[in-house]
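Written below as structure tokens is the structure these notes are about.
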Amino acid sequence: MKDKNIVLIITCFSSFLVPFTSSSINIALPSIGRDFGVDSIFLGWITTSYILATAVLLLPFGKIGDIYGRIKIFLYGIIIFAVASFLSMISFLPYLFLILRIIHAIGSAMIFSNGIAILSSFFREERGKALGINASFTYAGLSSGPFIGGFLTSYFGWRSIFLLMIFICILIIFFLSRFKYEFSGNYEKFDYFGSFLSGASIISIICALSIIDSIRGIIIAIFSFLLFIFFIFWESKMKNPLINPSIFGKNIVFVFSNLTALIHYTATASLTFFMSLYLQNIKNYSASFAGLVLVSQPIFQAIFSPTAGKLSDRIDAKIIASLGIGLTALGIFLLALYIRNDPGLIIIVVILSLIGFGFAFFSSPNTNAIMASVEGKEYGIASATLATMRTIGQSASMGIAILLTKNYSFVDAMEKAFIISAILCIIGIFTSIARGRNNYK
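238 is the number that the working numbering gives to position 238 of the sequence shown; each next residue is one higher, with no gaps.
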């Protein structure tokens, strides 16, 4: 089997694995809570600890992959993920399970921060197409997680979810064993203090976003901003920084592509949260039927991501990505327009499909633009930066959602959230267009 095919298989399987894990475990949380005898607060920490740990470790492991070899770090990540899955499957102690979710996050960060970098290194001429195929597996994992996770939990118990994860990890390790190539690391010194500063800044901003409507949240947000400024100052003085500060001053494509990703995820991440509650509490659909309605969005994302990625190899990625975020803006605006008037099921599905179509035409072309804007030796940190923007954007989106639902009735909050999201997407169109042309290919 050709090395390119092996790379595509292992990165696609891993891109399916990580989001599938999160979405399937979320659906199994009530069952996990009953087995462990814990309350909803503890269950919340099972999710939160995973998100925080992943967010903090993405940049360091992206850099470590650039230094010591991406395949090596990727493989270690898969092994850690598999071991954590096995121990989670046999765990009968709630706090041990919580610790194992953090260990899962370590593996996830190693996988996520290096997978796209590995793919980009092998598919330089057809990078967009490969990234599009990879993105379709990500969305397949997101959309199938609740269904497969719910089925396994109902008929075999929640522990069976981890057995499936172990099987996928073994498949990835099998294909990796047939792959002999490694991307030589530069073996420069690792910036430990810079990693600490970036992690502290990311944790504080995520925490601030969850309580931004309070004085404490504002204070933490200011503290996070000051930490970030100090982080940039520290990096500018380092011979081997975690992130080269000059990339923010000179590489306009990299900066604006990541900024647009941050805006896009801030605008869209809370959509599922609002629509899930709307379909069940306002439209009175069952949870399973609501899930079937919501899956229309990721299905369209999975179907059209390869096409969008392939187009971005031939046409300037900023054009495709700008079109994508524009379609997303249109879809969210239509939701804001119709949601108060009790739209029919067909209208909801059509609008969600439009948003999924727009998301597909934004995501992989934007990723292609980011990876094409840096040299090959920086692929790891570039991939990790994008993943960090996604995590922060998702946290910001939920922060806005929580703030609005605290101060308005649910339908009012949802309508205002969709208007804000549509405006953010419109801003994203301009930041996408402003990115200019790529420096590298």
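Positions of the beta carbon are idealized from the N, C-alpha and C atoms, including for glycine.
Spatially closest choice to residue i from the options, by CA coordinates
{"i": "residue 94", "options": "165, 29 and 380", "result": "29"}
{"i": "residue 163", "options": "360, 24 and 372", "result": "24"}
{"i": "residue 406", "options": "175, 214 and 383", "result": "214"}
{"i": "residue 431", "options": "349, 253, 141 and 355", "result": "253"}
{"i": "residue 363", "options": "204, 392, 132 and 373", "result": "132"}
{"i": "residue 313", "options": "107, 48 and 370", "result": "370"}
{"i": "residue 107", "options": "92, 141, 270 and 15", "result": "15"}
{"i": "residue 428", "options": "351, 315, 366 and 150", "result": "366"}
{"i": "residue 81", "options": "69, 109, 66 and 90", "result": "109"}
{"i": "residue 52", "options": "280, 65, 200 and 357", "result": "200"}
{"i": "residue 305", "options": "43, 372, 129 and 48", "result": "129"}
{"i": "residue 327", "options": "134, 41, 116 and 422", "result": "422"}
{"i": "residue 224", "options": "21, 205, 230 and 211", "result": "205"}
{"i": "residue 69", "options": "170, 127 and 180", "result": "180"}
{"i": "residue 172", "options": "293, 76 and 320", "result": "76"}
{"i": "residue 515", "options": "295, 380, 343 and 400", "result": "With the chain represented from 1 up to 441, any question about residue 515 goes unanswered, as that position is not in the structure."}
{"i": "residue 229", "options": "436, 245 and 115", "result": "245"}
{"i": "residue 84", "options": "91, 90, 104 and 78", "result": "104"}
{"i": "residue 142", "options": "102, 388, 378 and 292", "result": "292"}
{"i": "residue 393", "options": "279, 344 and 262", "result": "262"}
{"i": "residue 139", "options": "259, 195 and 21", "result": "21"}
{"i": "residue 98", "options": "79, 134, 45 and 66", "result": "45"}
{"i": "residue 340", "options": "120, 279, 330 and 411", "result": "411"}
{"i": "residue 137", "options": "360, 149 and 152", "result": "360"}
{"i": "residue 35", "options": "212, 100 and 89", "result": "89"}
{"i": "residue 396", "options": "49, 350, 169 and 202", "result": "202"}
{"i": "residue 256", "options": "165, 436 and 27", "result": "436"}
Residue i classed as buried or exposed, judged by whether at least 16 other C-beta atoms fall within 10 angstroms
{"i": "residue 236", "result": "exposed"}
{"i": "residue 12", "result": "buried"}
{"i": "residue 300", "result": "buried"}
{"i": "residue 265", "result": "buried"}
{"i": "residue 191", "result": "buried"}
{"i": "residue 386", "result": "buried"}
{"i": "residue 2", "result": "exposed"}
{"i": "residue 403", "result": "buried"}
{"i": "residue 352", "result": "buried"}
{"i": "residue 189", "result": "exposed"}
{"i": "residue 118", "result": "buried"}
{"i": "residue 156", "result": "exposed"}
{"i": "residue 415", "result": "buried"}
{"i": "residue 250", "result": "exposed"}
{"i": "residue 7", "result": "buried"}
{"i": "residue 209", "result": "buried"}
{"i": "residue 233", "result": "exposed"}
{"i": "residue 239", "result": "exposed"}
{"i": "residue 144", "result": "buried"}
{"i": "residue 284", "result": "exposed"}
Integer Cβ distance of residue i from residue j, believed to fall under 8 Å
{"i": "residue 347", "j": "residue 425", "result": "With a Cβ gap of about 20 Å, residue 347 and residue 425 do not count as contacting."}
{"i": "residue 418", "j": "residue 335", "result": "5 Å"}
{"i": "residue 227", "j": "residue 197", "result": "6 Å"}
{"i": "residue 286", "j": "residue 398", "result": "Actually they are not in contact, since the Cβ atoms of residue 286 and residue 398 sit about 24 Å apart, beyond 8 Å."}
{"i": "residue 122", "j": "residue 310", "result": "At roughly 16 Å, the Cβ-Cβ gap does not stay under 8 Å, so residue 122 and residue 310 are not in contact."}
{"i": "residue 32", "j": "residue 43", "result": "7 Å"}
{"i": "residue 322", "j": "residue 116", "result": "Actually they are not in contact, since the Cβ atoms of residue 322 and residue 116 sit about 21 Å apart, beyond 8 Å."}
{"i": "residue 59", "j": "residue 381", "result": "7 Å"}
{"i": "residue 388", "j": "residue 55", "result": "6 Å"}
{"i": "residue 379", "j": "residue 120", "result": "5 Å"}
Closer than 7 Å: residue i CB and nearest the ligand ZN heavy atom
{"i": "residue 261", "result": "No copy of the ligand ZN appears in this structure; indeed no ligand is present at all."}
Practice prompt. At 3 residues or longer, and completely inside the region 95-130: list those beta strand (DSSP E) runs for me, N to C.
Written response: Counting only runs of 3 or more, we get nothing.
Discussion item. My parser needs the alpha helix (DSSP H) runs of 4 or more residues fully inside the region 283-353; what are they?
Written reply: Within the region 283-353, the alpha helix (DSSP H) runs of at least 4 residues that lie entirely inside it are, in chain order, 287-294, 296-314 and 317-338.
Discussion item. Quick check on the DSSP output: what are the complete alpha helix (DSSP H) runs of length 4 or more inside the region 183-251, in order along the chain?
Written reply: If we require 4 residues or more, the alpha helix (DSSP H) runs fully inside the region 183-251 come out as 192-210, 215-237 and 246-250.
Discussion item. My parser needs the alpha helix (DSSP H) runs of 4 or more residues fully inside the region 152-185; what are they?
Written reply: As far as the region 152-185 is concerned, its whole alpha helix (DSSP H) runs of at least 4 residues are 159-177.
Worksheet item: Taking the runs of the alpha helix (DSSP H) that are 4 residues or longer, which of them lie wholly in the region 23-93?
Response: Every unbroken stretch of the alpha helix (DSSP H) spanning 4 or more residues and falling wholly within the region 23-93 is given here in chain order: 40-68 and 70-90.
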